[in-house]
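> Got a structure here, written out as structure tokens. Questions coming.
In this note's numbering, the protein residues as written are 5 to 360.
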């Protein structure tokens with residue numbers, strides 16, 4: 005299946021066939037951010053330009069991909085998203101990849117001249133841009149790469165509620181067909197695959213750089229303790245809070261049984277708006293531009309979905325606390341940096357989720 009490998013430095017630029025209106029008019033779309041089309045894709049994009057060089061952008065993109073595909077994706081529900089059943093509130097929590105680089109490419113390619121970022125930058129209109137299909141083919145490829153890296157670990161939910169979920173879709177002959185999720189989880193069963201020969205995947209081996217100092221959270225930074233913070237908390241400025249760790253100095257056996265996870269819940273947003281905030285742990289230098297470091301833990305972002313009426317939702321975000329060197333710390337310094345939109349957070353805490 006053809007795909008745009010924006011996850012690799014060699015593929016960060018928009019494929020030229022989508023930019024040539026004369027040679028490939030069917031693939032060209034005027035409603036894009038034309039200023040971005042000849043620049044490397046920014047997988048941390050939030051609507052504002054930065055002064056990073058292509059090399060710096062590549063380094064940042066590499067760490068972002070490592071975070072969402074490896075560092076924060078050890079558990080099924082962290083990569084694939086939280087289960088949603090009939091009667092549940094909508095949007096319980098997106099997976100790491102969906103809320104990360106997937107959303108960034110949508111916003112990066114949307115046309116800022118349009119009222120709602122059309123085409124690529126809005127859920128309802130994204131499919132009108134041919135570039136959408138190259139983008140989402142790579143999203144599907146990321147799922148395949150993630151599944152293949154699991155080894156003996158579970159690759160899919162075994163819950164019948166998930167596997168037996170069905171959708172009604174129109175096929176290429178305009179016939180209404182019923183599609184079962186359990187029949188679609190393996191791309192090889194669907195008789196398609198992605199080229200791997202000659203394609204590099206550098207993010208599999210670029211963990212973020214470790215901290216220079218070994219100072220513990222709170223020694224050099226003034227921040228309130230969690231119990232002193234009043235929730236719900238509006239992210240109208242950079243928010244810092246010291247979050248207690250219920251368990252510390254865990255053994256390897258304990259770590260193998262449970263993942264230590266930062267849970268940010270009650271994230272209230274308007275689904276019609278692009279919203280994004282980044283999360284840092286033990287960031288003591290107030291450097292929120294450089295994401296190519298271990299203190300940058302992850303992000304929350306959503307592609308806006310234009311509706312006739314506003315729709316507020318409450319959702320959550322899980323971030324795994326690994327590669328931080330905080331095993332013996334009583335607490336961690338959590339910093340939330342709003343990048344776009346109006347966001348309210350209901351709670352912040354550390355939980356321990358059973359390993360898959």
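Note that CB positions come from ideal geometry on N, CA and C, so glycine has one too. Being a predicted model, the structure only gives us computed values, none of them experimental.
Excluding five sequence neighbours on each side, which residues of the same chain lie with their C-beta closer than 6 angstroms to the C-beta of residue 145?
Residue numbering aside, residue 145 sits at position 141 when the chain shown is read from its first letter. Here the set comprises 7 and 198.
> Would you tell me roughly how many angstroms separate the C-alpha atoms of residue 153 and residue 5, rounded to the nearest one?
Working through the chain shown from its first residue, we reach residue 153 at position 149. Working through the chain shown from its first residue, we reach residue 5 at position 1. Using only the alpha carbons, I get a separation of about 20 angstroms.
> Please determine whether the Cβ atom of residue 185 lies at a distance below 6 angstroms from any heavy atom of the ligand NAD.
The ligand NAD is absent from the structure shown, which contains no ligands of any kind.
> Can you list the alpha helix (DSSP H) stretches of 4 or more residues lying completely in the stretch 130 to 184, in chain order?
Every alpha helix (DSSP H) stretch that sits fully inside the stretch 130 to 184 and reaches 4 residues is listed by chain position as 135 to 152 and 164 to 167.
> Would DSSP call residue 357 helix, strand or coil?
Here residue 357 corresponds to residue number 353 of the chain shown, with the count starting at 1. Residue 357: strand per DSSP, three-state reduction.
> To which residues of the same chain is residue 238 closer than 6 angstroms at the C-beta, ignoring the five residues directly before and after it?
Here residue 238 refers to the residue found at position 234 when the chain shown is read from its first residue. Excluding sequence neighbours, residue 238 sits near 348.
> Residues in its own chain within less than 6 angstroms of residue 308 by CB, not counting five upstream and five downstream?
Position 304 of the chain shown, counted from the start, is the residue given in the question as residue 308. So the list reads 126, 276, 277 and 278, once near-sequence residues are dropped.
> Less than 6 angstroms between C-beta atoms, sequence neighbours within five positions excluded: which residues of the same chain meet that for residue 99?
Reading the chain shown from its first residue, position 95 is the one you call residue 99. So the list reads 83, 84 and 85, once near-sequence residues are dropped.
> Can you name, in chain order, every residue of its own chain whose Cβ lies under 7 angstroms from the Cβ of residue 295, other than the five neighbours on each side?
Numbered from 1 along the chain shown, position 291 holds the residue referred to as residue 295. These residues qualify, in order along the chain: 48, 64, 67 and 68.
> Is it true that the CB of residue 44 sits closer than 7 angstroms to the CB of residue 70?
Translated into the one-based positions of the chain shown, residue 70 becomes position 66. Translated into the one-based positions of the chain shown, residue 44 becomes position 40. Not closer than 7 angstroms, so no.
> With distances taken Cα to Cα, identify the nearest neighbour of residue 268 among 261, 243 and 42.
Here residue 268 is taken as the residue at index 264 of the chain shown, counted from 1. Checked all of 261, 243 and 42; the closest Cα to residue 268 is 243.
> Under three-state DSSP, which class holds residue 62?
Within the chain shown, numbered from 1, the residue matching residue 62 stands at position 58. Residue 62 falls in the helix class under three-state DSSP.
> Who are the Cβ neighbours of residue 171 in its own chain at under 7 angstroms, not counting the five residues just before and after it?
Here residue 171 refers to the residue found at position 167 of the chain shown. For residue 171, where only same-chain residues beyond five positions count, the Cβ hits under 7 angstroms are 183.
> Name the residue from 340, 188 and 73 whose alpha carbon lies nearest to the alpha carbon of residue 160.
Here residue 160 refers to the residue found at position 156 of the chain shown. Comparing Cα-Cα distances from residue 160 to each of 340, 188 and 73, the minimum goes to 188.
> Assign residue 108 to one of three DSSP states: helix, strand, or coil.
Translated into positions along the chain shown, residue 108 becomes position 104. Correct three-state label for residue 108: helix.
> Please state if the CB of residue 285 and the CB of residue 324 are separated by a distance shorter than 7 angstroms.
Numbered from 1 along the chain shown, position 320 holds the residue referred to as residue 324. Numbered from 1 along the chain shown, position 281 holds the residue referred to as residue 285. No, Cβ-Cβ distance for residue 324 and residue 285 is not below 7 angstroms.
> For the pair the stretch 115 to 124 and the stretch 295 to 306, tell me if three or more CB-CB distances fall below 8 angstroms.
no
> What's the call for residue 232, buried or exposed, on a 16-neighbour Cβ count within 10 Å?
Counted from its first residue, the chain shown places residue 232 at position 228. So residue 232 ends up on the exposed side.
> Between which two residues does the alpha helix (DSSP H) carrying residue 258 extend?
One-based indexing of the chain shown puts residue 258 at position 254. Here the alpha helix (DSSP H) through residue 258 covers 256 to 261.
> Hey, would you say residue 103 sits closer than 7 angstroms to residue 304, going by beta carbons?
Mapped onto the chain shown, residue 103 falls at position 99. Mapped onto the chain shown, residue 304 falls at position 300. Yes; because the gap between Cβ atoms is below 7 angstroms, this pair is in contact.
> Starting from residue 83, trace the alpha helix (DSSP H) in both directions and tell me its first and last residue.
Locating residue 83 in the chain shown gives position 79, counting from the first residue. Unbroken alpha helix (DSSP H) run through residue 83: 80 to 84.
> Hey, residue 301 and residue 326: beta-carbon distance below 7 angstroms or not?
What you label residue 301 is simply residue 297 of the chain shown in a count that begins at 1. What you label residue 326 is simply residue 322 of the chain shown in a count that begins at 1. Cβ atoms of residue 301 and residue 326: not closer than 7 angstroms.
> Going straight from the alpha carbon of residue 56 to that of residue 39, what length do you get?
Taking the first residue of the chain shown as 1, we reach residue 56 at position 52. Taking the first residue of the chain shown as 1, we reach residue 39 at position 35. Taking the straight line joining both Cα atoms gives about 15 angstroms.
> Taking the C-alpha atoms as reference points, what is the distance between residue 260 and residue 354?
Translated into positions along the chain shown, residue 260 becomes position 256. Translated into positions along the chain shown, residue 354 becomes position 350. C-alpha separation (whole angstroms): 17 angstroms.
> To the nearest angstrom, how far is the alpha carbon of residue 131 from that of residue 137?
Counting from one through the chain shown, the residue named residue 131 turns up at place 127. Counting from one through the chain shown, the residue named residue 137 turns up at place 133. Between residue 131 and residue 137, the C-alpha separation is close to 7 angstroms.
> If I'm right that residue 31 touches residue 134 with Cβ under 8 angstroms, what's the distance once you round it to whole angstroms?
Numbered from its first residue, the chain shown carries residue 31 at position 27. Numbered from its first residue, the chain shown carries residue 134 at position 130. Correct: roughly 5 angstroms between the Cβ atoms.
> Taking only the alpha-carbon atoms, compute the straight-line gap between residue 331 and residue 257 and give it to the nearest angstrom.
By one-based count along the chain shown, residue 331 stands at place 327. By one-based count along the chain shown, residue 257 stands at place 253. Rounded to whole angstroms, residue 331 to residue 257 spans 14 angstroms at the Cα level.
> Do the CB positions of residue 9 and residue 15 come within less than 7 angstroms of each other?
Position 5 of the chain shown, counted from the start, is the residue given in the question as residue 9. Position 11 of the chain shown, counted from the start, is the residue given in the question as residue 15. Yes, they are a contact pair.
> Quick check on residue 316: buried or exposed, where buried means 16 or more other Cβ atoms within 10 Å of its Cβ?
Along the chain shown, one-based indexing puts residue 316 at 312. That one is exposed.
> Of the residues 185, 213 and 245, which one's Cα is nearest the Cα of residue 228?
Taking the chain shown and counting its residues from 1, the one referred to as residue 228 is at position 224. Residue 245 is the option with its Cα nearest to residue 228.
> Considering residue 321, what are the terminal residues of the beta strand (DSSP E) in which it resides?
In the chain shown, counting from the first residue as 1, residue 321 sits at position 317. 316 to 324 is the span of the beta strand (DSSP E), which, as asked, contains residue 321.
> Would you mind reading off the limits of the beta strand (DSSP E) that contains residue 336?
Counted from its first residue, the chain shown places residue 336 at position 332. Start and end: 335 to 344.
> For residue 14, which three-state DSSP category applies?
Within the chain shown, the letter at position 10 stands for residue 14. Reduced to three states, the DSSP call for residue 14 is helix.
> Can you give the beta carbon distance from residue 72 to residue 105, rounded, assuming they're within the 8 angstroms contact cut?
Walking along the chain shown from the start, residue 72 turns up at place 68. Walking along the chain shown from the start, residue 105 turns up at place 101. The Cβ separation is near 6 angstroms, so the contact holds.
> From 321, 357, 314 and 289, pick the residue whose C-alpha is nearest to that of residue 337; which is it?
Locating residue 337 in the chain shown gives position 333, counting from the first residue. Nearest C-alpha to residue 337: 289.
> When DSSP builds the beta bridges, which residues end up paired with residue 300?
For the purposes of this step, residue 300 is identified with residue 296 of the chain shown, where counting begins at 1. Note: residue 300 sits in a beta bridge opposite 284.
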